[in-house]
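Mapping of the sequence shown onto our numbering: residues 33 to 323, in sequence order. Yeah, the Cβ is synthetic: ideal placement off N, Cα and C, and Gly gets one too.
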Amino acid sequence: MRGANIVALQETKLKDSHHLSTFTYHTQHALGHGKFFLAVNDPRVVADHVSSPGDDPAHRSGGVALVLDDTVPGFRELQHLVELGIPYKYMLVRTHWQETPVYFHCVYAPVQSADRAAYFDSLPREFPENSAHLILGDLNLPMDPYLDAENPHHNHSVGRVNCLEWLNAASRLLEIICTAHNPGVVRHAWKKRTRCFLQQAHQHVKSHYSREKALSVLRLTEARRLHADGISSDQDLEDEEKIFLEAVDLWKLYHADLNFDVHASKNERSTAHFFRPLTKVLYKTPVRSAR
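1. Name the DSSP bridge partner or partners of V77?
2. Report all residues from its chain with a CB closer than 6 Å to the CB of Y140; omit the five preceding and five following residues, and keep chain order.
3. Per the DSSP calculation, R126 is bridged to which residue(s)?
4. DSSP three-state label for Q141, please.
5. Looking only at its chain, what residues have a beta carbon closer than 6 Å to the beta carbon of E244, apart from the 5 residues adjacent to it on each side?
6. For the alpha helix (DSSP H) that A255 lies in, which residues bound it at each end?
7. Leaving out five residues on either side along the sequence, give the residues of the same chain with a beta carbon under 7 Å from the beta carbon of D101.
8. Report the residue from F107, L252 and V114 whose alpha carbon sits nearest the alpha carbon of V134.
9. Round the Cβ separation of A164 and T132 to the nearest angstrom and send it over; I've been treating them as touching at under 8 Å.
10. Could you tell me how far apart the beta carbons of L124 and P156 are, in whole angstroms, since I believe they sit closer than 8 Å?
11. Whose C-beta lies closer than 7 Å to the C-beta of C195 among residues of the same chain, with five residues either side of it excluded?
12. Helix, strand or coil: how does DSSP classify V193 here?
13. Here's the rule: buried if 16 or more other CB atoms are within 10 angstroms of the residue's CB, otherwise exposed. What is V114?
14. For F55 and T44, what's the separation of their Cα atoms in angstroms?
15. Are L252 and E270 touching if we call contact CB-CB under 8 Å?
16. Taking just the CA atoms, how far does H51 sit from R76?
17. Could you tell me the distance, in whole angstroms, from the CA atom of L247 to the CA atom of F292?
18. Would you call the CB atoms of L46 and T59 closer than 8 Å?
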């Protein structure tokens with residue numbers, strides 16, 4: 033969760049209130065005290081919850097949750113609208129961005145196609161005209177039939193019309209965003225994370241090859257000593273020499289690949305010398321003949 037501002041969870045599968053307290057404790061340890069807002073829709077965490085006769089504690093299912101950190105605008109005004117939730121399947125959190133009401137929807141549509149249409153029809157639709165909506169979760173259906181499986185089943189699209197009707201408010205919001213003035217901000221955090229990952233991977237590979245080479249040297253030295261003392265045979269020494277040569281070849285191959293990457297990066301880099309203007313001698317050289 034440390035790398036995300038908003039996290040929508042489905043299938044929380046919480047056992048009881050103690051289970052929720054444990055989850056809250058670990059989240060607080062990761063994000064910091066008072067640095068996050070947690071809202072849960074899982075009736076099992078209520079103290080007076082009575083399990084249904086068919087419930088199996090060992091095979092729990094369902095439950096949704098929203099976790100928002102303190103960098104989210106309107107963090108101090110976040111409010112869980114419990115009365116609008118659907119047990120285990122839907123929850124709603126509200127805040128304000130200046131004068132605009134903002135709603136965070138956590139959706140977990142039924143897997144069974146027969147229940148999907150009724151589920152989307154039961155979702156709340158009465159919101160202020162100027163409100164903004166962020167819809168997260170699992171709709172459990174393909175929004176575009178062309179992006180479905182290679183051999184799609186007719187049950188896959190059941191409830192899609194009902195879902196699109198509920199998402200109609202989001203399309204109106206999209207029109208406002210597209211027409212509004214927005215200078216745009218390019219975020220390059222993913223590049224920094226990728227660079228750090230590649231640097232760590234490079235250090236790991238380099239240390240691995242260094243250890244393998246050092247171990248092969250020690251093993252070869254020990255094999256030569258044992259052979260000189262008459263403890264090991266010629267075949268044992270030959271086997272160790274083969275292992276040593278393989279380790280050396282891998283080390284050379286690693287350095288060759290590394291040098292190739294360095295030279296390729298430098299050679300493909302544009303320089304001022306490459307883009308220099310033509311010299312005056314070339315301007316004044318006449319073309320005397322052509323073939």
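Concretely, from the data shown:
1. Residue 77 sits at position 45 when you count from the first residue of the sequence shown. Its beta-bridge partners do not exist; DSSP assigns none.
2. Numbered from its first residue, the sequence shown carries residue 140 at position 108. Counting only Cβ-Cβ distances below 6 Å, and skipping sequence neighbours, we find Q42, V96, K121, G169 and D170.
3. Within the sequence shown, the letter at position 94 stands for residue 126. Note: R126 sits in a beta bridge opposite Q111 and Y135.
4. Here residue 141 refers to the residue found at position 109 of the sequence shown. Per the sequence shown, residue 141 should be read as Ala rather than Gln. DSSP places A141 in coil when its eight states are reduced to three.
5. For the purposes of this step, residue 244 is taken as the residue at position 212 of the sequence shown. Around E244: A279.
6. Within the sequence shown, residue 255 is the residue found at index 223, counting from 1. Unbroken alpha helix (DSSP H) run through A255: A221 to A260.
7. Numbered from 1 along the sequence shown, position 69 holds the residue referred to as residue 101. So the list reads N37, L63, K67 and F68, once near-sequence residues are dropped.
8. Sequence index remark: in the sequence shown, residue 134 carries index 102 (1-based). The option with the nearest alpha carbon to V134 is F107.
9. The residue you call residue 164 lines up with position 132 of the sequence shown. The residue you call residue 132 lines up with position 100 of the sequence shown. That pair is a contact at about 6 Å.
10. For the purposes of this step, residue 124 is taken as the residue at position 92 of the sequence shown. For the purposes of this step, residue 156 is taken as the residue at position 124 of the sequence shown. Contact flag correct, Cβ pair sits at about 7 Å.
11. Working through the sequence shown from its first residue, we reach residue 195 at position 163. Non-local beta-carbon contacts of C195 in its own chain, meaning distances under 7 Å to residues more than five positions away in sequence, involve F152, L171 and L173 in chain order.
12. As a working mapping, residue 193 is identified with position 161 in the sequence shown. In the structure shown, V193 sits in a helix (DSSP, three-state: H, G or I).
13. For this step, residue 114 is matched to residue 82 along the sequence shown. So V114 counts as exposed.
14. Residue numbering aside, residue 55 sits at position 23 when the sequence shown is read from its first letter. Residue numbering aside, residue 44 sits at position 12 when the sequence shown is read from its first letter. Between the alpha carbons of F55 and T44 lies a gap of roughly 10 Å.
15. Residue 252 sits at position 220 when you count from the first residue of the sequence shown. Residue 270 sits at position 238 when you count from the first residue of the sequence shown. No, the Cβ-Cβ distance between L252 and E270 is not below 8 Å.
16. In the sequence shown, residue 76 corresponds to position 44, counting from 1. In the sequence shown, residue 51 corresponds to position 19, counting from 1. Rounded to the nearest angstrom, the two C-alpha atoms are 10 Å apart.
17. Position 215 of the sequence shown, counted from the start, is the residue given in the question as residue 247. Position 260 of the sequence shown, counted from the start, is the residue given in the question as residue 292. C-alpha separation (whole angstroms): 27 Å.
18. Taking the sequence shown and counting its residues from 1, one reaches residue 46 at position 14. Taking the sequence shown and counting its residues from 1, one reaches residue 59 at position 27. No, the Cβ-Cβ distance between L46 and T59 is not below 8 Å.
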